[in-house]
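Numbering (our numbering), first residue to last: 11 to 573. Scroll down for the structure; my scribbles are underneath it.
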């Protein structure tokens, strides 16, 4: 056991952990530089990986090379140039021109900070073919989409996180292979759903939770392969259609009442100790097709990983990784790293064929680099300076020894390397802090106030007409004051047409607050010990003991649902 350097919590360092640290430790000139056990608990390690990620706060700027207007993740006071995608990928500049020598009289992180403060960055993290989607971030190959993050292969989608291969989806969290879904959380391969959570292969339904293979169902929980059910009661087609004629989801008041009613139904339903399918020897939540995966969340097709979050598709033998994966192997302490990458240590935003990278940021297709940033297809570089293979091996070993002496070796990239304030980072969503708390911990804070949107008319959310049928087209010229945060937001033409087509009310909260609301509808990424409410066996679950839900172990749950 060890005590966390930041929060003081005691945490376990198991023998298997020590074996992993030994296995992935760097070797230069035949000498292994052993990674020491972590000084921070798993939560504080994850917090520090998240504070470097700005996934949601966007700003208006100009490309510092061609002058083109861009939307960027970097606030206006950035010290480094910001380039549009075309300029960033062009041969008009060379990141090696910013290379610098290593100074063994100063901490290495201090030298990295100097380098990172001057090398140009791409305005947003996007890849593939992007059409009419200038406000998407950490995303690729999308069309006619707006404010979707960690999304790929989407079209006509708005306000989503973790969208993959979706069409006409709005306000969602981890929706995969879906179309015409609204206000949904973790729905897969589904069509025309409204306010559904943890559902697969469901269609033409609303207010479902934990349902599989259901169609034309309303206000139901825990159903399998059902049709024409209302509040978990089986009806005939005629009875169901008659019931549905009495419902008007275009009314904001009715919509909220049904949301509340579903919560009441959930408290009568038994939930499995974790959400996931096809797992073996694993402990986590939202795991699919996972084997030997421990203390991890939102992972799919992953094997032999621990303390990992949102990894997918063939990731194997990794510890302490946030986001991405896709055949990431033998890696430790990374934030948004992956895609056919191997043995990357202490990195942020490295992807597509990266190997043997240590303490790097924003790298693509690079190998054998140490302390570098914004390189593409480079090898044997340190602080963006080119070396020969022999020189690199010798110098990298010296840096490891230097970092061991300064106490830097084995720690993730320090908070001072973040290009955003803590309150602008993903960490604030999962580990919210007040300004004084963040500064006390050595984290950055941003006092930047974005300008309010220009509008012909400003109204509070409670002044909106209740029903979408009563909303005038002129709403596109209004600014609405969020009922929760007080921030002003506007309705875009595309989303307005979606609400009209699907008979849905105008939202009363700004888009980021809606994302936070959905996040809070999922269980926290934390484990508690409690008893199965059926057999009384002790289980580890993300349902805390004081919560009112009925929670069964996996065995009892399957007996209850499938008989």
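Idealized CB from N, CA, C, for every residue including glycine.
Annotated as proximal: residue 176 and residue 188, with beta-carbon spacing under 7 angstroms. Note on geometry: alpha-carbon atoms of residue 356 and residue 306 lie some 18 angstroms from one another. Around the beta carbon of residue 196, a 10 Å sphere encloses 16 or more other beta carbons of the protein chains shown; the residue is thus reported as buried. Of the candidates 281, 518, 440, 277, the residue whose Cα lies closest to the Cα of residue 181 is 518. With respect to residue 379, residue 391 sits close: the two C-beta atoms are nearer than 7 angstroms. Out of 342, 117, 382, the CA that lies nearest to the CA of residue 416 is found in 117. With a cutoff of 7 angstroms on beta-carbon distance, residue 314 and residue 326 are scored as near each other. In the DSSP annotation of this structure, the continuous segment of the beta strand (DSSP E) that includes residue 353 starts and ends at 351-361.
In the three-state scheme derived from DSSP, where H, G and I count as helix and E and B as strand, residue 433 is classed as helix. Annotated as distal: residue 284 and residue 561, with beta-carbon spacing of 7 angstroms or more.
Per DSSP, reduced to three states, the secondary structure at residue 549 is strand.
Taking C-beta atoms under 8 angstroms as the contact rule, residue 337 and residue 84 fail to qualify, at a distance of about 30 angstroms.
Listed as beta-bridge partners of residue 198 by DSSP are 186, 210. An exposed status is given to residue 287, since fewer than 16 other beta-carbon atoms sit within 10 Å of its beta-carbon. Here residue 190 is buried. Its C-beta has 16 or more other C-beta atoms within 10 Å.
Counting only unbroken stretches of 4 or more residues, the alpha helix (DSSP H) elements lying wholly within the segment 239-286 are 247-255, 262-276, in sequence order. Here the alpha carbon of residue 178 sits roughly 26 angstroms from the alpha carbon of residue 133.
Taking C-beta atoms as the reference points, residue 466 and residue 498 fail to come closer than 7 angstroms.
Non-local beta-carbon contacts of residue 566 in its own chain, meaning distances under 7 angstroms to residues more than five positions away in sequence, involve 542, 544, 545 in chain order. In chain order, 283, 293, 537, 538, 539 place their CB closer than 8 angstroms to the CB of residue 550, counting only its own chain and leaving out the 5 sequence neighbours on each side.
With a threshold of 16 other beta carbon atoms within 10 Å, residue 149 meets it and is buried. In the DSSP assignment, residue 565 falls within the unbroken alpha helix (DSSP H) covering 564-572.
A residue is called buried once 16 or more other Cβ atoms fall within 10 Å of its Cβ, and residue 344 is buried on that count. When DSSP states are grouped into helix, strand and coil, residue 11 belongs to the coil group. The Cβ atoms of residue 73 and residue 97 lie closer than 7 angstroms to each other. With contacts defined as CB atoms closer than 7 angstroms, residue 471 and residue 485 fail to qualify as a contacting pair. Residue 347 is bridged by DSSP to 334, 360. The Cβ atoms of residue 92 and residue 131 lie closer than 7 angstroms to each other. Annotation: residue 275 to residue 547 spans about 25 angstroms, alpha carbon to alpha carbon. Per DSSP, the unbroken alpha helix (DSSP H) holding residue 504 starts and ends at 503-512.
Residues 90, 105, 108, 383, 384, 394 of the same chain have their beta carbon placed closer than 7 angstroms to that of residue 129, with the five preceding and five following residues left out of the count. Here residue 448 carries a helix assignment [DSSP, helix/strand/coil].
Counting only runs of at least 3 residues, the segment 64-112 fully encloses the following beta strand (DSSP E) elements, listed from N- to C-terminal order: 69-72, 79-82. When secondary structure is reduced to three states using DSSP, residue 407 falls in the helix class.
Contact holds between the segment 151-171 and the segment 504-524, because three or more Cβ pairs, one in each stretch, are under 8 angstroms apart.
Relative to residue 289, the option among 68, 308, 121 whose CA is nearest is 308.
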